[in-house]
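Trainee: Following this message is one structure expressed as structure tokens.
In the numbering used here, the protein residues as written are 18 to 707.
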């Protein structure tokens with residue numbers, strides 16, 4: 018069972034209080050460990066305006082030393098906060114919004130050292146040990162490598178993966194950063210590692226994705242414990258860095274972990290590597306589609322099975338290796354499709370937790386979210402969802418909505434659309450929706466938001482949402498149902514959607530919306546009528562004369578509420594009902610589906626009978642209502658006019674002329690129901706189930 022820690026819950030609550038301005042006043046400043054966690058929580062919030070009072074509260078209460086804005090778009094508010102903290106580790110996010118002018122090009126040149134000087138106070142510049150600029154998204158002005166080395170004299174860890182380095186910049190890096198212990202230059206377009214031996218203190222080096230042909234100087238880094246040869250881009254195109262490394266025929270004496278993911282490797286190469294490097298404890302082989310034997314005392318990170326994939330996910334979420342996790346998730350999806358039944362429940366549950374961890378670590382990982390939702394959809398299909406406990410299914414709902422919240426503009430991107438589609442496919446699982454105490458109301462309201470998004474054309478996702486809305490209503494408590502359907506704006510949106518699908522002649526969408534509105538009529542008929550539902554529904558009968566539509570109208574008129582009956586008996590509504598009644602009656606002799614036509618004709622007749630019954634006696638004497646009653650009487654007699662029937666036709670001839678009073682206390686349909694056992698008319702048979 019996955020339960021948030023008390024610290025996680027309190028962190029979230031404290032940040033809520035800071036944003037709401039309700040945190041009790043205090044001169045106490047939180048310690049760095051708690052402050053760092055609170056600032057992590059702050060960085061996850063992207064949809065709340067950061068006011069001056071919030072900035073002031075954060076600066077006065079927190080003592081932040083480690084800042085990770087990898088998944089943030091850095092704003093001026095973050096710069097103000099950083100200025101008031103003593104930072105030791107800084108991972109920058111996107112800086113594209115900090116430009117003084119509107120950005121019109123894919124990238125904008127930035128004087129990064131000036132920005133860092135502005136962000137970091139003098140104490141932070143002296144003490145900063147770790148800096149990661151991999152996610153900033155800008156080009157930098159020439160000279161930035163040397164200038165940063167002078168600005169940050171205590172730097173021992175530098176990450177610039179994916180940032181293009183010229184030969185001059187790489188040489189400068191190797192000259193001015195001799196204290197570095199950790200360096201990530203993956204996918205930086207460096208093609209010559211000459212000079213890297215100057216960084217003799219390096220313990221961790223990441224050079225994946227580089228097109229280098231000589232690694233001899235790497236072997237002069239005697240303190241190196243971790244060598245990462247995996248690309249930070251797609252691992253599907255295998256590289257030859259491992260082969261280049263082995264061709265040097267040298268040994269790193271203290272190497273503990275080498276990541277060969279995304280590189281060509283075979284069992285012989287790995288055997289050679291392990292025989293020459295006795296200190297190795299772990300080898301990464303993600304993206305290498307080979308079977309490798311087990312080696313004593315050495316752990317291989319592979320994705321050959323669900324079990325090994327789970328272990329690999331734990332490692333690569335820690336190192337934030339996006340491309341490796343993508344490759345693992347693709348493999349998990351393949352295994353689940355081919356051999357789901359061959360996996361144990363324990364393994365599948367651990368896989369579920371690993372997938373949720375990926376979402377937490379990469380809240381903005383577009384490709385990862387698509388792959389995770391694909392895996393979850395396969396794992397949780399139909400009754401497979403019962404593998405998870407009730408609380409875990411509740412956690413799954415929260416995870417799925419976390420994903421939805423991060424992609425509000427999903428229609429503009431294919432991968433995001435696929436992700437959202439997977440989410441709503443999972444919610445279509447009735448076994449999932451029937452989970453005890455599931456927040457069905459939240460599911461309904463979120464689905465409603467997707468359906469009613471402004472300018473939305475109903476596509477596959479919206480169709481899924483409509484199905485989910487209909488099913489989730491059935492799982493709600495009566496109070497939640499009433500609360501949903503008593504909301505006039507909800508009913509208005511649904512009626513608009515019904516009318517649009519009618520105009521576009523989209524029968525499937527129409528029936529889905531109609532099913533939801535049917536539940537509205539059952540719970541809050543007065544709201545449906547107030548929002549113009551009667552006029553819309555009757556107007557649609559000409560083209561979309563569904564049985565459910567007629568049943569809804571009958572349900573309304575038999576509610577016996579005065580306002581509803583008044584709406585139903587408006588001249589326009591009655592005229593359209595009469596025209597449709599006549600059309601149905603004309604089809605009785607020619608339609609191949611005679612039974613359904615009889616059903617529809619009878620329901621229409623019962624609706625008009627109710628309307629007439631509740632009309633004032635003076636109204637019934639007008640030519641208009643005399644005509645209506647005559648047409649109704651003719652249709653009912655025709656409907657019941659089989660030779661074997663013994664219907665008393667005088668009943669229809671005299672009923673509507675009978676004065677209101679004690680002698681007339683029921684509608685024609687109620688009268689027929691009461692007498693069905695005494696009369697042998699086939700019309701009574703049609704009453705069954707009505």
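Note that CB positions come from ideal geometry on N, CA and C, so glycine has one too.
Kindly give me the distance between the Cβ atoms of residue 225 and residue 179, rounded to whole angstroms, as I take these residues to be in contact under 8 angstroms.
Mentor: Going by Cβ atoms, the distance from residue 225 to residue 179 rounds to 11 angstroms, so no, they are not a contact pair.
Trainee: What is the rounded straight-line gap between the Cα of residue 217 and the Cα of residue 163?
Mentor: Going by the C-alpha atoms only, they are around 18 angstroms apart.
Trainee: By how many angstroms is the C-alpha of residue 170 removed from the C-alpha of residue 137?
Mentor: Computed Cα separation, rounded: 13 angstroms.
Trainee: Would you tell me roughly how many angstroms separate the C-alpha atoms of residue 543 and residue 599, rounded to the nearest one?
Mentor: Answer to the nearest angstrom: the Cα atoms are 28 angstroms apart.
Trainee: What does the alpha-carbon distance come out to for the pair residue 126 and residue 161?
Mentor: If you take the alpha carbons of residue 126 and residue 161, they lie about 11 angstroms apart.
Trainee: Helix, strand or coil: which one does DSSP assign to residue 674?
Mentor: Annotation note: pLDDT 46 at residue 674 (below 50); position unreliable, no value reported.
Trainee: Count the other CB atoms, across all protein chains shown, that sit within 10 Å of the CB of residue 386; report buried if there are 16 or more and exposed otherwise.
Mentor: Buried is the call here.
Trainee: Are the region 345-365 and the region 254-272 touching by the rule of at least three beta carbon pairs closer than 8 angstroms?
Mentor: The region 345-365 vs the region 254-272: no contact.
Trainee: Using beta-carbon positions only, say whether residue 105 and residue 146 come within less than 7 angstroms of one another.
Mentor: Against a cut-off of 7 angstroms, the Cβ pair of residue 146 and residue 105 comes out as a contact.
Trainee: Three or more C-beta pairs under 8 angstroms: does that hold for the region 414-421 against the region 435-446?
Mentor: The region 414-421 vs the region 435-446: in contact.
Trainee: Within 10 angstroms of the Cβ of residue 135, are there 16 or more other Cβ atoms? Answer buried if so, exposed if not.
Mentor: Classification of residue 135: exposed, given that the 10 Å Cβ count is below 16.
Trainee: Tell me which residues share the same chain as residue 551 and place their Cβ nearer than 7 angstroms to its Cβ, disregarding the 5 neighbours each side in the sequence.
Mentor: 573, 584, 585 and 590, listed in sequence order.
Trainee: Could you pull the start and end residues of the alpha helix (DSSP H) that residue 10 belongs to?
Mentor: What is shown of the chain runs 18 to 707, which leaves residue 10 out entirely.
Trainee: Along the chain, where does the beta strand (DSSP E) containing residue 268 start, and where does it finish?
Mentor: Careful: residue 268 lies outside any beta strand (DSSP E) and carries neither H nor E.
Trainee: Could you check which residue in 219, 248 and 247 has the C-alpha nearest to that of residue 234?
Mentor: Of 219, 248 and 247, the residue nearest in Cα terms is 219.
Trainee: Give every residue of the same chain whose Cβ lies closer than 6 angstroms to the Cβ of residue 112, excluding the five residues on either side of it in the sequence, and list them in chain order.
Mentor: Same-chain partners within the cutoff: 91, 153 and 155.
Trainee: Return the CA-CA distance between residue 431 and residue 383, expressed in angstroms with no decimal places.
Mentor: Each residue's Cα considered, the two are about 10 angstroms apart.
Trainee: When DSSP labels each residue in this structure, what does residue 551 get in the three-state scheme?
Mentor: Residue 551: helix per DSSP, three-state reduction.
Trainee: Look at residue 251 and residue 323 and say whether their C-beta atoms are less than 7 angstroms apart.
Mentor: Not in contact: residue 251 and residue 323 (Cβ atoms no closer than 7 angstroms).
Trainee: Tell me whether the beta-carbon of residue 341 lies closer than 7 angstroms to the beta-carbon of residue 247.
Mentor: In contact: residue 341 and residue 247 (Cβ atoms closer than 7 angstroms).
Trainee: Can you name, in chain order, every residue of its own chain whose Cβ lies under 8 angstroms from the Cβ of residue 488, other than the five neighbours on each side?
Mentor: Here the set comprises 445, 447 and 450.
Trainee: Taking all protein chains shown into account, decide if residue 635 is buried (16 or more other Cβ within 10 angstroms of its Cβ) or exposed.
Mentor: The residue is exposed, with fewer than 16 neighbouring Cβ atoms inside 10 Å.
Trainee: How long is the line joining the alpha carbons of residue 593 and residue 565, rounded to whole angstroms?
Mentor: Each residue's Cα considered, the two are about 17 angstroms apart.
Trainee: According to DSSP, which residues form a beta bridge with residue 274?
Mentor: DSSP output for residue 274 lists 243 and 299 as bridge partner(s).
Trainee: State the start and end residues of the unbroken beta strand (DSSP E) segment that holds residue 106.
Mentor: Counting along the chain, the beta strand (DSSP E) containing residue 106 begins and ends at 106-108.
Trainee: For residue 245, which residues of its own chain have a beta-carbon under 6 angstroms away from its beta-carbon, when the five flanking residues on both sides are left out?
Mentor: Contacts found: 223, 225 and 276.
Trainee: Residue 272 and residue 294: beta carbons closer than 7 angstroms?
Mentor: Yes, the pair counts as a contact, with Cβ atoms nearer than the cut-off.
Trainee: Alpha carbon to alpha carbon, how far is residue 249 from residue 467? Give it in angstroms, no decimals.
Mentor: Looking at the two C-alpha atoms, the distance is approximately 34 angstroms.
Trainee: Do you know offhand how far residue 679's Cα is from residue 632's?
Mentor: Because residue 679 sits at a pLDDT of 42, beneath the cut-off of 50, its placement in the model cannot be relied upon, and the following sentence gives the value as read from the coordinates. Roughly 16 angstroms separates the two Cα atoms.
Trainee: Excluding the 5 residues flanking residue 344 on each side, which residues of the same chain have their C-beta closer than 8 angstroms to its C-beta?
Mentor: Counting only Cβ-Cβ distances below 8 angstroms, and skipping sequence neighbours, we find 252, 253, 278, 279, 303, 304 and 320.
Trainee: Tell me whether residue 375 sits in a helix, a strand or coil according to DSSP, three-state version.
Mentor: Helix, per DSSP.
Trainee: For the beta strand (DSSP E) containing residue 147, list its first residue and its last residue.
Mentor: 147-149 is the extent of the beta strand (DSSP E) around residue 147.
Trainee: For residue 158, count the other beta carbons within 10 Å of its own beta carbon; 16 or more makes it buried, fewer makes it exposed. Which is it?
Mentor: Exposed, by the Cβ-count rule.
Trainee: Within 10 angstroms of the Cβ of residue 492, are there 16 or more other Cβ atoms? Answer buried if so, exposed if not.
Mentor: It counts as buried.
Trainee: Mapping DSSP to helix, strand and coil, what is residue 307?
Mentor: Coil.
Trainee: Decide if residue 667 is buried, meaning its Cβ has at least 16 other Cβ atoms within 10 Å, or exposed.
Mentor: With a pLDDT of 48 at residue 667, under the threshold of 50, the modelled position of this residue cannot be trusted; read the value that follows with caution. Exposed is the call here.
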